Amino acid sequence: EFSDWMNVLRTLENPEDSMEHKRAMLCWISRKSNKNTVDQQLEEQMRKTIQYYFEVLKRVVAVIKFLSESGLAFRGHEKWGSPNNGIFMGAIELIAEFDPFLHEHLEKCKNEKVNAAYLSKPVYEELIEIMGKHVQDEIVNQINNLDTKYYSIIVDSTPDLTHVDQLVIVVQYCYNGNPVRGFYHFYR
Numbered sequence: 001e002f003s004d005w006m007n008v009l010r011t012l013e014n015p016e017d018s019m020e021h022k023r024a025m026l027c028w029i030s031r032k033s034n035k036n037t038v039d040q041q042l043e044e045q046m047r048k049t050i051q052y053y054f055e056v057l058k059r060v061v062a063v064i065k066f067l068s069e070s071g072l073a074f075r076g077h078e079k080w081g082s083p084n085n086g087i088f089m090g091a092i093e094l095i096a097e098f099d100p101f102l103h104e105h106l107e108k109c110k111n112e113k114v115n116a117a118y119l120s121k122p123v124y125e126e127l128i129e130i131m132g133k134h135v136q137d138e139i140v141n142q143i144n145n146l147d148t149k150y151y152s153i154i155v156d157s158t159p160d161l162t163h164v165d166q167l168v169i170v171v172q173y174c175y176n177g178n179p180v181r182g183f184y185h186f187y188r
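The opening position of the sequence shown corresponds to residue 1 in the UniProt record's numbering, with each subsequent residue numbered one higher.
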């Protein structure tokens, strides 16, 4: 408790000289060196969370990439363990049988202990869109760097199961002496 009101200005001018300040600084330095600050704990927790979801997304993107390259449909029920699951959820569940990390993540999802599962239809549709944009950018980049400026565009259209017309644009060109046929865009 402060009681020297006659010398208050001198005390306020040099707070670093007070014994309380020195004691508080030693305590702060000690905690900081022990990595016990709240900021450091929160930063470590955030780093672990980012790494966790990075691992989830690695697996999800691998399944999306495989299904997309194979031309397989993703549709199906969105309830884990359902016999009517689509190929996407079925593939995730199959991998989880052999991957302890993904198995644990699915268990957390089933018990609703995670806020972001990254396994829902809106998420994988957004990832497909991002991956598609990356492919488009790569095709444009390759065409812009061609030795020759010749390429062809193939356009095809067909109705889907719901009788909605789907239009596909494919670009064909030679890159580094090898023929390339790149899926450019899909219109519904």
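The C-beta atom is built at its ideal place from N, Cα and C for all residues, glycine as well. Computed from a predicted structure; not experimentally measured.
Going by beta carbons, Val170 and Arg181 fall inside the 8 Å limit. With fewer than 16 other CB atoms across the displayed protein chains lying within 10 angstroms of its CB, Ala62 is exposed.
Within the region 91–176, complete beta strand (DSSP E) segments of at least 3 residues are found at 152–159 and 165–175, given in chain order. Arg188 is a Cβ neighbour of Val164, given a cutoff of 8 Å. In this structure, Glu93 places its C-beta atom within 8 Å of the C-beta atom of Asn85. Inclusion of Ser70 and Ile128 in the CB contact set at 8 Å is not warranted, their separation being larger than that value. Taking each of Ser152, Gln142 and Val135 in turn and checking the Cα distance to Phe186, the smallest one comes out for Val135. Between Lys108 and Ala96, the alpha-carbon positions lie close to 12 Å from each other. Counting only runs of 4+ residues, the alpha helix (DSSP H) found wholly inside the region 33–100 occupies 38–70 and 87–98, in chain order. In this structure, the beta-carbon distance from Val56 to His105 falls below 8 Å. Less than 8 Å divides the Cβ of Phe74 from the Cβ of Tyr124.
By the neighbour-count criterion, in which a residue is buried when 16 or more other Cβ atoms sit within 10 angstroms of its Cβ, Ile50 is exposed.
For Arg181, the secondary structure class from DSSP, reduced to helix, strand or coil, is strand.
With a contact defined as Cβ atoms closer than 8 Å, Tyr118 and Tyr53 qualify at about 7 Å. Nearest in C-alpha terms to Asn144, of all of Ser33, Asn111 and Asn176, is Asn176. With 16 or more neighbouring CB atoms inside 10 Å of its own CB, Leu102 falls in the buried class.
Looking from the CA of Leu146, the closest CA among Arg59, Gly90, Lys32 and Asn178 belongs to Asn178.
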